[in-house]
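Quick note, the sequence shown lines up with residues 1 to 313 if you use the UniProt record's numbering.
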Amino acid sequence: MSNIVVVNNRKNLHSQIETHQDQHQNQHQHSIIYDYDRGEKLCSICGIVLQDKVYDAELNTDFYTYKSDTNTVLPHSVILNDKGMSTSIADYDATSSKRFSNRKEHNKIEFLNKIVSCSNKKRNFKIVIDLLNRIKDKLSLTSVCIEDALLYYKKALEKGLIKGRSIKEIIVSCVYIVCKNSNIPRTLTEISQIVEADEIFAARCYRLLMRELKISHVQVKPNIFIRKIADEANISEITARESIDLLLAIQDESIFLGKNSLSIAAAILYITCRKHRQKISQAKIASAANINIMTLRKRLSEVRHVIINAPLN
């Protein structure tokens, strides 16, 4: 049985390991073994760990060039389960270096590991991360947007805003807040349809988060919706570009403050289409912008005071 030495001073411990390592490398090279599963170099006689975080040189590739030859891994991310540091159960007992006698024993170890490591909070985050990844794939959002949405969810969880409310609607509202702050042309309806959430309740959760988390309201610029509406309504690129130029020229008018950006973009796009004598109805523009036709007509009457020469007939 090997003796166990307790060293209180970290400096003395490092000096002891260096002395021990030099001794074995010079005299007992055969006694040093490598544990590639744990990335450790240790002594087979006394069991002391001579070096940890040992990298396997066989994994080096020629795809990247670094200052050092050590392998690198992906950075930690909050949208990965356990931040990308998940634990895997091997098919052998690490303490005795023997394989489990049967599959039943291995399954028992896996079950006990889930009980210890998977709390209610972790299971909740796993559901949230799955929903966020689904929204990310469908809407082609960046990882930064999803991480920001998860941070808003964690803040709401700390304030107790999740209790009694659906996770889907809270996630939809968090993603919608991030999209508005990042000027990404995504509506609450689009995000709700992906996870099959209630749009009305998601709007309530959005107002709740804005109020409780004290998030400042950001007015989304209408010009980011022009191309989106033009693609839905099959409008030419020339008309869309002229609509953007027209909108940038009048967007600072006080009449547009507090108005829905989608309705303003739809009204400008309809005016430009009529100017180029393109046959398109108000109903088609309203359907492409996902707004009511009466809302579109109200915006048209308001824009008429700004653009006097626009042909609305």
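Where a beta carbon is used, it is the ideal one built from N, C-alpha and C, also for glycine. In this text the structure is predicted, and so the values were computed from the model without any measurement.
Per-residue burial, A156 [other beta carbons within 10 Å of its own, 16 or more giving buried] = buried
Could you check if C46 is buried or exposed, using at least 16 other CB atoms within 10 Å of its CB as the buried criterion?
-> exposed
Let me know if L296 comes out buried or exposed under the rule of 16 or more other beta-carbons within 10 Å of its beta-carbon.
-> buried
Residues near A203 in its chain [Cβ-Cβ closer than 7 angstroms; skip 5 each side] = L188
Give the DSSP bridge partners of I255, in chain order.
-> None, per the DSSP bridge assignment.
Assign I200 to buried or exposed, taking buried as 16 or more other Cβ atoms, counted over all protein chains shown, within 10 Å of its Cβ.
-> exposed
Between the CA atoms of I48 and M1 - distance to the nearest angstrom | With a pLDDT of only 40 at M1, under 50, the local geometry of the prediction cannot be trusted, and no value is derived from it.
Please determine, among L151, I255 and C273, the residue with the shortest C-alpha to C-alpha distance to A233.
-> C273
Would you decide whether I33 is buried or exposed? Buried here means 16 or more other CB atoms lie within 10 Å of its CB.
-> exposed
Can you have a look at T142 and say buried or exposed, based on whether 16 or more other CB atoms are within 10 angstroms of its CB?
-> exposed
Residues bridged to L42 [DSSP beta-bridge criterion] | I33 and V49
Identity of the residue in D252, N290 and K275 nearest A266 by Cα = N290
Quick one: using the 10 Å Cβ neighbour count with 16 as the cut-off for buried, is V303 buried or exposed?
-> buried
Buried versus exposed call for V144 [16 or more other C-beta atoms within 10 Å across all chains shown] | exposed
First and last residue of the alpha helix (DSSP H) that includes Q219?
-> Run containing Q219: none; DSSP gives neither H nor E here.
Report yes or no: do three or more beta-carbon pairs, one from the segment 213-223 and one from the segment 254-262, lie closer than 8 angstroms?
-> yes
How many Å lie between residue 328 and D231 at the Cα?
-> Look at the range of the chain in this structure, 1 to 313, and you will see that residue 328 is not part of it.
Terminal residues of the continuous alpha helix (DSSP H) containing D245?
-> E237 to I250
Could you have a look at H276 and say whether DSSP puts it in helix, strand or coil?
-> coil
Leaving out five residues on either side along the sequence, give the residues of the same chain with a beta carbon under 7 angstroms from the beta carbon of D35.
-> L42
Look at the alpha carbon of I171 and the alpha carbon of K228, and state the distance between them as a whole number of angstroms.
-> 24 angstroms
How about A240 and I226: are their beta carbons less than 7 angstroms apart?
-> yes
With DSSP run on the structure shown, which of helix, strand or coil describes L150?
-> helix
In whole angstroms, what is the alpha-carbon distance linking L246 and L300?
-> 14 angstroms
Taking L132 as the reference, give the member of Y270, P185, S173 and I162 with the closest Cα.
-> S173
Quick one: measure Cβ to Cβ for L209 and Y152, integer angstroms, because I've assumed they're closer than 8 angstroms.
-> 7 angstroms
Do P185 and I235 have their C-beta atoms closer together than 7 angstroms?
-> no
Of all the options L213, E242, E196 and I146, which has the alpha carbon lying nearest to the alpha carbon of K159?
-> L213
Reference S140; option with closest CA among I167, F111, I191 and K122 = I191
Does any CB atom of chain B fall closer than 7 angstroms to the CB of R304?
-> Among the chains of the structure shown, chain B does not appear; only one protein chain is present.
How would you call F63, buried or exposed, if buried means at least 16 neighbouring beta carbons within 10 angstroms?
-> Because the pLDDT of F63 is 46, which lies under 50, any placement of that residue in the model is unreliable, and the question is left without a value.
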